[in-house]
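Notes follow the structure.
Protein chains: 2
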Amino acid sequence: MKDARPCSIAGTLALVGEKYSLLVLREVSLGATRFDQLVRNIGAPRDVLTTRLKRLVEAGLLEKIAYSDKPPRFEYRPTRAGLDLEPVLLTLMAWGDRHLNDGDRPMVLEHFGGPAHAGGHVTGHELVPVVTCAECGEEVRHDDLTAHPLAPGWTVTGPAAAV
Amino acid sequence: MKDARPCSIAGTLALVGEKYSLLVLREVSLGATRFDQLVRNIGAPRDVLTTRLKRLVEAGLLEKIAYSDKPPRFEYRPTRAGLDLEPVLLTLMAWGDRHLNDGDRPMVLEHFGGPAHAGGHVTGHELVPVVTCAECGEEVRHDDLTAHPLAPGWTVTGPAAAV
DNA sequence: CTTAGCGAGTTCGGAAACCAAACCCACTGA
DNA sequence: TCAGTGGGTTTGGTTTCCGAACTCGCTAAG
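For the protein sequence lines, the chains are A and B, in the order given. With the numbering used here, you'll find the first sequence wraps up at 163, consecutive numbering, no jumps. With the numbering used here, you'll find the second sequence wraps up at 326, consecutive numbering, no jumps.
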């Protein structure tokens, strides 16, 4: 991994790209914040989970918060930075729902939003996540993109080539 | 990883969650489709890259296409399923751009879309990817979501708990 | 008071993955 | 004939992963 293209994708994956890290973020986002819950729900070896949690806390994606003094017990809560990874989880889930297991979804997400959201809402609708451009509001399609590397020497050459 | 919560996030990561796999998808999406380009741009060991490419081809995310017969030479092109992972790459990049390196971006993406797109466009705007709900069009926020696991025994307990 | 159990890790030894460098093979161009 | 390129494979050492067993502090039951 030395001398690679400088890139925020690689930088982010250096933080959360190891096995189980994103699943930890999934669990704490769902509300499972304690060690044994994480072990059970993720199925990771306990020692691996220990090192992942330490790393994620150091990186500022999780907070280790005491919920008991005697004996000392902690839970791991996502920080704002940690919750900001939710779009990654949603797009991963959307891809799996579409391309894995013949479209069978192991979990669905209910979204409370839209026009009726301002008042006290009662029922939502199924979430279908789509990546759009904040500037123009349109769904992002591969052919509408052009990459511009800002570091010298790192060009792109293909159909999505920079100018 | 046995006996874990059934989940499309975990399923997708089982396919593309190994080290370098998503960077391979990044490169082929940018147009770098050949073995030595991938080695250089990703910085991965050659043997690891060999096994990643084999796996991604088997999984149907890449196609191995001959571009020379004598000597036999191949390039690796993303399939539709491979390109469908671009939302994951975009959200990873957006997170890194926001939270890494004090907001310095190693690369910017130009988006050609929006109202002026139908006619022959000349200039685009910077892409700022946002995850929205296809149903209601709103940006997805953590507090607007509720998870509903469809497998028995796998519940969620926290603030985003299912009913 | 003794024992059972839980939550949250730590320790252990073996299996698997990763890594950089070296090597190989088929060709091309000088 | 010789150097160079593209696309790998081989080699041997390091790191990571894994499951099971163990520890420690505490609580609840008998």
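All residues carry an ideal CB built from backbone N, CA and C; glycine is no exception.
- Query: Of all the CB atoms in chain B, is at least one closer than 9 Å to the CB of A/Lys64?
  - Reply: A/Lys64 is outside the set of residues whose beta carbon lies under 9 Å from a beta carbon in chain B.
- For B/Val326, which residues from the same chain have a beta carbon less than 6 Å from its beta carbon, with the 5 sequence-adjacent residues on both sides left out? Here B/Val326 scores only 36 on pLDDT, less than 50, and its place in the model is too uncertain to base an answer on.
- Item | Inter-residue Cα distance where the pair is B/Lys233 and A/Pro129 | Note on geometry: alpha-carbon atoms of B/Lys233 and A/Pro129 lie some 46 Å from one another.
- Run the CB neighbour count on A/Leu150, radius 10 Å, all protein chains shown included, and call it buried at 16 or more, exposed below. Exposed is the call here.
- Can you list, in chain order, the residues of its chain whose CB lies under 7 Å from that of A/Thr132, leaving out five sequence neighbours each side? Non-local beta-carbon contacts of A/Thr132 in its own chain, meaning distances under 7 Å to residues more than five positions away in sequence, involve Glu138, Glu139, Val140 in chain order.
- Message: Could you check whether the Cβ of B/Glu221 sits closer than 9 Å to any Cβ belonging to chain A?
- Response: Answer no: the Cβ-Cβ gap between B/Glu221 and chain A never drops below 9 Å.
- Nearest neighbour of B/Thr318, chosen from B/Met164, B/Pro169, B/Val220 [CA to CA]: Looking only at B/Met164, B/Pro169, B/Val220, the smallest Cα-Cα distance to B/Thr318 is reached by B/Pro169.
- Using 8 Å as the Cβ pair cut-off and three pairs as the minimum, do the region 268-275 of chain B and the region 23-36 of chain A touch? Between the region 268-275 of chain B and the region 23-36 of chain A, the count of C-beta pairs closer than 8 Å stays below three; the two stretches do not touch.
- With 16 other CB atoms within 10 Å as the buried threshold, where does A/Arg105 fall? It counts as buried.
- Message: Determine, for B/Pro315, whether the minimum Cβ-Cβ distance to residues of chain A falls below 9 Å.
- Response: No, B/Pro315 does not count as interfacial toward chain A.
- Query: Would you call A/Asp143 buried or exposed, if buried means 16 or more other Cβ atoms sit within 10 Å of its Cβ?
  - Reply: Answer is exposed; the Cβ neighbour count stays below 16.
- Message: Suppose you measure from the CA of A/Met93 to the CA of A/Leu100; what does that come to, to the nearest Å?
- Response: When rounded, the separation of the alpha-carbon atoms in A/Met93 and A/Leu100 is 10 Å.
- Item | Where A/Arg46 meets chain B, residues with beta-carbon distance less than 7 Å | Simply none; closest approach about 13 Å.
- Does the count of Cβ pairs from the region 31-38 of chain A and the region 79-90 of chain A closer than 8 Å reach three? The region 31-38 of chain A vs the region 79-90 of chain A: no contact.
- Taking B/Ile228 as the reference, which of B/Ala222, B/Arg261, B/Pro241 has the closest Cα? Ranking B/Ala222, B/Arg261, B/Pro241 by Cα distance to B/Ile228 puts B/Pro241 first.
- Query: Between which two residues does the alpha helix (DSSP H) containing A/Ala94 stretch?
  - Reply: Counting along the chain, the alpha helix (DSSP H) containing A/Ala94 begins and ends at 86-99.
- Task: Starting from the C-beta of B/Leu290, find all residues in its chain whose C-beta is less than 6 Å away, skip the five residues before and the five after it, and write them out in chain order.
- Result: Same-chain partners within the cutoff: Leu272, His274.
- State the DSSP-derived secondary structure class of B/Ala229, mapped to helix, strand or coil. Strand.
- Item | Simplified DSSP assignment, three categories, for B/Thr196 | Looking at B/Thr196 - three-state DSSP - the assignment turns out to be coil, as it is neither helix nor strand.
- B/Leu248 versus B/Asn204: straight-line alpha-carbon distance, rounded: Rounded to the nearest angstrom, the two C-alpha atoms are 19 Å apart.
- Examine chain B for any beta-carbon lying closer than 9 Å to the beta-carbon of A/Asp102, and answer yes or no. No, because no Cβ of chain B sits closer than 9 Å to the Cβ of A/Asp102.
- Between the Cα of A/Leu61 and those of A/Gly96, A/Gly43, A/Thr12, spot the shortest distance and give me the residue it belongs to. Looking at the Cα atoms, A/Thr12 is the closest of the given residues.
- Query: With DSSP run on the structure shown, which of helix, strand or coil describes B/Pro278?
  - Reply: Looking at B/Pro278 - three-state DSSP - the assignment turns out to be helix.
- Where does B/Tyr183 land, buried or exposed, given buried means 16+ other C-beta within 10 angstroms? B/Tyr183 comes out buried.
- Query: Any beta-carbon of chain B closer than 9 Å to the one on A/Phe112?
  - Reply: The beta-carbon of A/Phe112 is placed less than 9 Å from the nearest beta-carbon of chain B.
- Item | Assigned exposure category for A/Arg52 - 16 Cβ within 10 Å defines buried | Here A/Arg52 is buried: its Cβ has 16 or more other Cβ atoms, across all protein chains shown, within 10 Å.
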